[in-house]
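There are 4 protein chains.
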Amino acid sequence: MIITLKRGAKQKEISAVSDKIKSLGYKPHVSRGKDVTIIGMIGEYAEKYKDAFEAMDAVEHISEIQKPYKLASREFKKSNTVIKVSRGVEIGAKKIHVIAGPCAIESRDLMFNTAKIVKDAGATILRGGAFKPRSSPYAFQGLGEKGLKYIEAAGRKYHMPVISEAMSVEQVELLSKYCDIIQIGARNIQNYDLLKAAGKQKKPVLLKRGMATTVKELLLSAEYILSQGNYDVMLCERGIRTFEDSTRFTMDLNAIPVLKKLSHLPIVLDPSHGIGIREHVGTMAKACVAVGADALILEVHPRPQEALSDGPQSLLPEQFSALMNELDAVAKAVGREIL
Amino acid sequence: MIITLKRGAKQKEISAVSDKIKSLGYKPHVSRGKDVTIIGMIGEYAEKYKDAFEAMDAVEHISEIQKPYKLASREFKKSNTVIKVSRGVEIGAKKIHVIAGPCAIESRDLMFNTAKIVKDAGATILRGGAFKPRSSPYAFQGLGEKGLKYIEAAGRKYHMPVISEAMSVEQVELLSKYCDIIQIGARNIQNYDLLKAAGKQKKPVLLKRGMATTVKELLLSAEYILSQGNYDVMLCERGIRTFEDSTRFTMDLNAIPVLKKLSHLPIVLDPSHGIGIREHVGTMAKACVAVGADALILEVHPRPQEALSDGPQSLLPEQFSALMNELDAVAKAVGREIL
Amino acid sequence: MIITLKRGAKQKEISAVSDKIKSLGYKPHVSRGKDVTIIGMIGEYAEKYKDAFEAMDAVEHISEIQKPYKLASREFKKSNTVIKVSRGVEIGAKKIHVIAGPCAIESRDLMFNTAKIVKDAGATILRGGAFKPRSSPYAFQGLGEKGLKYIEAAGRKYHMPVISEAMSVEQVELLSKYCDIIQIGARNIQNYDLLKAAGKQKKPVLLKRGMATTVKELLLSAEYILSQGNYDVMLCERGIRTFEDSTRFTMDLNAIPVLKKLSHLPIVLDPSHGIGIREHVGTMAKACVAVGADALILEVHPRPQEALSDGPQSLLPEQFSALMNELDAVAKAVGREIL
Amino acid sequence: MIITLKRGAKQKEISAVSDKIKSLGYKPHVSRGKDVTIIGMIGEYAEKYKDAFEAMDAVEHISEIQKPYKLASREFKKSNTVIKVSRGVEIGAKKIHVIAGPCAIESRDLMFNTAKIVKDAGATILRGGAFKPRSSPYAFQGLGEKGLKYIEAAGRKYHMPVISEAMSVEQVELLSKYCDIIQIGARNIQNYDLLKAAGKQKKPVLLKRGMATTVKELLLSAEYILSQGNYDVMLCERGIRTFEDSTRFTMDLNAIPVLKKLSHLPIVLDPSHGIGIREHVGTMAKACVAVGADALILEVHPRPQEALSDGPQSLLPEQFSALMNELDAVAKAVGREIL
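Protein chains in written order, with this note's numbering: chain A, 1 to 339; chain B, 340 to 678; chain C, 679 to 1017; chain D, 1018 to 1356.
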């Protein structure tokens, strides 16, 4: 990191900073300009000590130079990570996988019907929430373990690995019995106990960016999982919160090439939440494929007006089926494939 | 809520919406304009069904009219809630309480030294983190239960109730043994299992707004706690995330009169995190008192440059002491008092 | 619009609102619930009076139902507007046009060299700034009219219509002599005198969304131009300002399907400014084509490291040339074409 | 500024950067770490060349060290600027001035009535808009020069200097005949021609921060005015745009101590626009005084429900009068005075 001292910093103050750098085992690089003195402190994890230097009176500003995450970084691993979810389902390779299903597992019937619909249309992974994070305590909160049994059975019948969301440490343990991928939701992006629990088990993790999470913080949250020994992490952009109110969130597609550059981890995109308006989900899904998604996650519901959550953004079966063909065309145009 | 139908909606579609409203036990109020038809659905918890109507094809837009929270609302309880933390410490009454101490409990000595400093200056509640939510897995994560023992002992010695943060359900149980107030941090504002756990125990809860949490969502998160039977909840504004990067966060003081209008719960303000720059914390603290805070929470550290976290925003003992007198003057100007 | 009254509003207050509605020539639709009374006021331009009702004491909240713009709306004109810029250059039809050139017109040579490069690669419209809006008064501000002469000549030589930005009313007049399209920049999105001036002349206008402009405000700014009689307006998304700082702006691609639904005007996308990092511009350009752009505007510079502005986001000639083929493939996948 | 090179940058690339620095007349400070090389380029206006270096392939990142503005900076002028508006009205000294009046000048009567009301309550400067920036072209746009005549006459009668907003270069000339202070509105914060025109005349300028303007950009816009020779500039915070929608804007009071540190220019705060809700304006005004405002600007209207603009945020005469006494108490608590 680069430490800029206040104008007119005295020699004593400059030495104090240099000495502190040496005491931490780094070498200070001092550059004195006419007005301003800057001191470089370069080396692994130097950024960890940023706060300590910022708290010194003579310090004006600190610029981070090195990345505060390591295992998630492209420097640590040059080649793209490919996550093997099940036989034939590898995320991060040429094929773009489509994860589809209802927002919430509402009943056994719904789960099986939707599984058939999305399988027939070309989806390769089945989604469905058993534990639902709802902003109101009075809203439907999910079927719990019963729901997990339904999705596991539906996945088995239609030969699809399944994904569901864990909201607590105990749910991670429960989900790892029933599911092939464990989802950490946007609201839990900085629930560090949960991240560590996801890192301690073996199933791949889909980590959703929070609505106010920077790209750097997303990679730091991934690092929490990786640092526990689980390297199978997918990063998921699902919309950030901005001033714009004509859509549910603002999808930050800019983040995709940036993340691909900084990290080797595969990227999943969620246009259903990202825009939140059913008739526009398909259009955004095409942009997601063009921008480099390794997988898409989409909400599909046979009767959205009866859905217990996220009805407004769930695709109808016929919309989903038509969309899959359109997405495949875009995928081929960028050297990938979906069907 | 008010349901606006698409232009040219057919009678059949209008009836479908009306019938659905009736089937849920509400009365539809249909108003037909030349171009647009709107249908009112008014009654307790009507907003709960918003998604179901939004998912109907003929629906253009839904405006929420009633508040989705109840126990937290001013309609439910007209008079301000006053929370009795301990003998003589009541939050929400005339006296504005100052909660002070180090960001993290780093050692027994630090905890006792800082306790004496803040007590002498007029603080009435002692703070200190035993479990620290850190964005990097490689940063100091807190002393855990050992830290809780230190803060409990320091509070006892200096006759101050103590507050610390819980990041998980188990920590809530642990903290309720050692602390007088349990803090839920900004990153856990939508960790619903944690909110419920805080609602099931008896100690007062200080709930920090997340960095992308709206006023409405803050009240819904409070509702999670209240709905479990714990009515002693303080709402804490500590800065939201915006485009401005010259300060750590943007303190949203506008939210204070708005929250006071919508809710009966007391408000705590955290200028240390809200601006994140030591030399400006005092200035913002004065604004916090003027805008109507019922309590302030401030970070104080005898040697910030050696602090293991948040050094740049921690006040020095002499700054804190001088500030307390200045704050008292502002408090008196708005009909309150601090010292 | 829908006027929600405060709980417990008295009959006298309800009548006052109704009477005001009648006095403005509209019909009030009153719906009384147990707790809440709402009053609909539906009709053209009703939203114009929102402030007057909001200022009444008994009014709790007003929801806008109708759009405050008219000429820009899809209701006013159902079919997509196709803007004829010159022979063979029609924006809004099947072909997606690529507008390319340097950020600033730095010299006659640069302008002619770049014109040849972009023409050879398949661009159909030439861009270049003669008047540059720079946040620092000490930065290069453009060549002015001399620059306009260069771009006009280069366009003529390479058979391309040209576009440049006007920052003031006088510049609109000047530009309409030299250019085929007049650009209004993001910083001037609410410079109403400038919008009116652009509306009073005949050349097509490319209107860039400001960095904090909502979709609704963008359409209102377009309405300023349309209301003066100039119907040839293109809406341009170029990135909004959010908390994310790893890219220059956050491109809001969600806005594209929303704008296409609300308005008949063609959409231009500017990934150069939208992401601001040269190596990622191409990736975002593909997403822009997939999401439904009618034209792209791209910065190309033969030697970006010598550029007087926006060097970091300007494409190299060989990058641009390769990109055009990739974009054409994506365009064909969504039923459009570029080359 | 500090130039960080990409990992593994070659000697040739390092030399290229160093040579470019030397060619611009600066001295390069090269620090080579094990993995990363950084190069300092320190000196006046070095930041001006940031783009040129960022466009070089070997460059990873550039951190700005020095401020890109000069005349507006505290380094340039250590003591606070005090602006003499008229005899006895000096902004930036001990007395906090209150600028009050209607949003728009609607009629001669309104202007004179309101002038008397605000004068009697203790306001020292009269406000009123003759040219109104309205987001809709169909909304009331102001009385123009006729309005300026009214406000000038009212100011003369009640012995108050007057302020009004200029939206174009011609209006600057016109206003400088009638008004004592010229306001540049939030929407024109980067209308550089307008800023230069304001800098070329002699009257003090009140410059409003735009809704997406950073503190740095606000100071750069002020620099545009100062660099033309007019040093009498007041900076005005009036709310920024964020995700929060329960208030019209989010008032960024954090910016006040930051601006006071960076610049010598006086600060004006506008809680009327900043929160946009009449009943909360007074509460925020107190926070504005506590945080260090040198002046407040407030909207007052005798009959807000008949106001042609901004009725919902205009104070009633009796509210304003009561508020002035409350503000004076807060002012005295922070060593200032209002009455």
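Heads up, the beta-carbon is just placed ideally off N, CA and C, and yes, glycines get one too.
Contacts that residue i makes with chain D (C-beta to C-beta distance below 8 Å)
{"i": "Y902(C)", "result": "P1154"}
Those residues which DSSP pairs with residue i across a bridge
{"i": "L976(C)", "result": "A778(C)"}
{"i": "T4(A)", "result": "I38(A) and H61(A)"}
{"i": "Q1052(C)", "result": "Not covered by the structure: residue 1052(C). The range shown for chain C is 679 to 1017."}
{"i": "P367(B)", "result": "M380(B)"}
{"i": "S1153(D)", "result": "None, per the DSSP bridge assignment."}
{"i": "M234(A)", "result": "L206(A)"}
{"i": "I299(B)", "result": "There is no way to answer for residue 299(B), as the model of chain B reaches only from 340 to 678."}
{"i": "E676(B)", "result": "K434(B)"}
Same chain, Cβ closer than 6 Å to residue i, neighbours up to 5 away in sequence not counted
{"i": "K547(B)", "result": "G524, A525, C575 and R577"}
{"i": "K95(A)", "result": "E337"}
{"i": "H951(C)", "result": "R916 and G917"}
{"i": "N1140(D)", "result": "Going by the sequence as given, residue 1140(D) is Ala instead of Asn. Cβ neighbours of A1140(D) beyond the five flanking positions: V1115 and A1117."}
{"i": "A771(C)", "result": "V760"}
Residue i: contacting residues in chain B (beta-carbon distance under 8 Å)
{"i": "R887(C)", "result": "Residues of chain B passing the Cβ test: none, with the nearest at roughly 15 Å."}
{"i": "I1019(C)", "result": "Given that chain C is displayed from residue 679 to residue 1017, the structure contains no residue 1019(C) and the question cannot be resolved."}
Close beta carbons around residue i, own chain, < 7 Å, minus the five adjacent residues each side
{"i": "L259(A)", "result": "V215, L235 and I267"}
{"i": "V1250(D)", "result": "V1222, L1224, A1239, I1242, L1243 and L1282"}
{"i": "K132(A)", "result": "A104, F140, Q141, G142 and S309"}
{"i": "D591(B)", "result": "E576 and I579"}
Amino acids of chain A, ordered along the chain, whose beta-carbon sits closer than 9 Å to that of residue i
{"i": "I717(C)", "result": "Per Cβ cutoff of 9 Å: no residues; I717(C) is ~24 Å from chain A at best."}
{"i": "I1082(D)", "result": "I2, T4, G33, V36, I38, E60, H61 and S63"}
Under 7 Å from the C-beta of residue i: neighbouring residues of chain C
{"i": "G1299(D)", "result": "The premise fails here: G1299(D) is roughly 16 Å from chain C at the closest Cβ pair, so nothing lies under 7 Å."}
Under 9 Å from the C-beta of residue i: neighbouring residues of chain C
{"i": "G274(A)", "result": "N932"}
Contact set for residue i: own chain, Cβ-Cβ below 8 Å, skip 5 residues either direction
{"i": "V850(C)", "result": "A844, I860, L872, A875, A876 and Q879"}
{"i": "E244(A)", "result": "T250"}
{"i": "V17(A)", "result": "I3, L5, P28, I39, F53, M56, A58 and V59"}
{"i": "V673(B)", "result": "V628, A629 and G631"}
{"i": "S709(C)", "result": "T715, I716, I717 and G718"}
{"i": "R1295(D)", "result": "P1321, P1329, Q1330, S1331, L1332, L1333 and Q1336"}
Interface residues of chain B facing residue i [CB-CB closer than 7 Å]
{"i": "L220(A)", "result": "S474 and S475"}
{"i": "N113(A)", "result": "Within 7 Å Cβ-Cβ: nothing; N113(A) doesn't reach chain B, min ~17 Å."}
Within chain D, the residues that residue i reaches when beta carbons sit closer than 9 Å
{"i": "P651(B)", "result": "By Cβ distance, chain D contributes nothing, its closest Cβ being about 14 Å from P651(B), past 9 Å."}
{"i": "G122(A)", "result": "Neighbours of G122(A) on chain D: none; closest Cβ ~36 Å, over 9 Å."}
Partners in chain A for residue i, counting only beta-carbon separations shorter than 7 Å
{"i": "A890(C)", "result": "F243"}
Contact set between residue i and chain A, taken where Cβ atoms lie within less than 8 Å
{"i": "D918(C)", "result": "What sits at residue 918(C) in the sequence shown is Ile, not Asp. Residues of chain A passing the Cβ test: T242, F243, E244 and T250."}
{"i": "I1038(D)", "result": "Here the premise fails: no neighbours, minimum Cβ distance about 12 Å."}
Contacts of residue i in chain D (Cβ-Cβ under 7 Å)
{"i": "H29(A)", "result": "S1048"}
Per-residue contacts from residue i into chain C (C-beta, under 8 Å)
{"i": "K1065(D)", "result": "S814, Y816 and A817"}
Check your understanding: What are the uninterrupted segments assigned as alpha helix (DSSP H) that are 4 or more residues long and contained completely in the stretch 1262 to 1336 of chain D, given in chain order?
Key -> 1272 to 1279, 1288 to 1292 and 1295 to 1308
**Study point:** Ranges of the beta strand (DSSP E) found wholly within the stretch 751 to 811 of chain C, counting only runs of at least 3
**Key:** 761 to 764, 767 to 769, 775 to 779 and 803 to 805
Point to revise | Contact residues within the stretch 512 to 523 of chain B, judged by C-beta distance below 8 Å to chain F | key: Absent from the structure is chain F; the protein chains it does hold are A, B, C and D.
Review point. Listed in chain order, which residues of the stretch 750 to 773 of chain C have Cβ atoms closer than 8 Å to some Cβ of chain B?
Key: E753
Practice item. Mind checking the stretch 625 to 643 of chain B against chain D and listing, in chain order, the residues whose C-beta falls within less than 9 Å of any C-beta there? Key: K625, A626, C627, V628, A629, V630 and G631
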